[in-house]
Amino acid sequence: MTDATDTAMSGEARLKSRRKRLIRFCAVAFIISAVAGLATGVVSDLYDDGVLPGWSIFVCWGIALAGFVCFTWEYLRRVDELDLLDNLWACLVGFYFYIVAMPSWYLFEDLGLAPAVNHLVIYAATFGASVVAYIFRKLGLR
Amino acid sequence: MNNRLKVLRAERNWSQAELAGRLDVSRQAVNAIETGKHDPSLPLAFRISRLFEMPIEEIFDDGRN
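The structure is reproduced here in structure tokens:
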């Protein structure tokens, strides 16, 4: 949204400021994610060593999940409708990929035509499908 | 959907970035609307209409007129 200071600026200056705010937000989110990743590693090591009780892992997981939801919510609130659509399309492609890939592999495994379902591979491939869809949209292939 | 956004922008000597800043969207969004790859939402169409001080139907044409 624009405020009184923004309306005094030219459109190009406003766009620049908008872009800077988004980049700053993404940078802060990235730094916090990196710190949270490190903290999770330390906490899980302490849990493995018997220093921390089991519930502390759930607390950490809850904080990380809440942070992820908040940052995602805020990101989608800050981007414009075109980027929001790009994100939604990417998620839809990823979702469709998953609902086709996972049962297909399960069927082939059941028929003895494929090795056991590897959920990590499906997770990575689903993520990859979403990223490819997002990049295609960003390249203007809409 | 066809639109006159590029013409209206050119009449004012605005770059895509200038228009994007005035509409509070990205430059890519302006480009996608101009090239017909994205139909703006109703709130954005109203913002465009107010910015150019023209009715929406004078800017956008769904080809049924």
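For the protein sequence lines, the chains are A and B, in the order given.
Residues 1 to 142, numbered by this note's numbering, are exactly what the first sequence covers, in order.
Residues 1001 to 1065, numbered by this note's numbering, are exactly what the second sequence covers, in order.
Don't be surprised by glycine CBs; every beta carbon is placed ideally from N, CA and C.
Every value quoted in this text rests on a predicted model; they were computed, and no experiment measured them.
Span separating the alpha-carbon of residue i from that of residue j
i	j	result
M1001/B	Y98/A	33 Å
G41/A	D1024/B	40 Å
V1030/B	I23/A	20 Å
W89/A	Y134/A	7 Å
L120/A	M102/A	11 Å
W105/A	D1062/B	44 Å
R1027/B	L111/A	51 Å
T2/A	M9/A	Annotation note: pLDDT 48 at T2/A (below 50); position unreliable, coordinate value reported separately. Roughly 10 Å separates the two Cα atoms.
Interface flag, residue i vs chain B, CB-CB below 8 Å
i	result
R18/A	yes
L15/A	yes
R82/A	A small fix is needed here, since residue 82/A is Leu in this sequence, not Arg. Yes, L82/A lies at the interface with chain B (some Cβ there is under 8 Å from its Cβ).
E74/A	no
S10/A	yes
G140/A	yes
M1/A	With a pLDDT of 47 at M1/A, under the threshold of 50, the modelled position of this residue cannot be trusted, and the question is left open.
is_contact[residue i, chain A] using C-beta, thresh 8 Å
i	result
R1027/B	yes
A1010/B	no
D1039/B	no
G1021/B	yes
S1015/B	yes
D1062/B	no
E1053/B	no
E1034/B	no
L1044/B	yes
M1001/B	no
E1057/B	no
Close beta carbons around residue i, own chain, < 8 Å, minus the five adjacent residues each side
i	result
C91/A	S130
I63/A	A36
Contacts around residue i, its chain only, beta-carbon distance under 6 Å, and the 5 residues preceding and following it disregarded
i	result
R1004/B	I1059
T126/A	G94, F97 and Y98
E81/A	none
Close-in-space but distant-in-sequence residues of the same chain around residue i (CB under 7 Å, 5 per side omitted)
i	result
W73/A	none
L46/A	L52
Residues sharing a beta bridge with residue i, DSSP
i	result
F1060/B	N1003/B
Residue i beta carbon near the ligand SAH (any heavy atom closer than 7 Å)
i	result
N1031/B	Judged by which ligands are present, the structure shown has none, so any question about the ligand SAH falls away.
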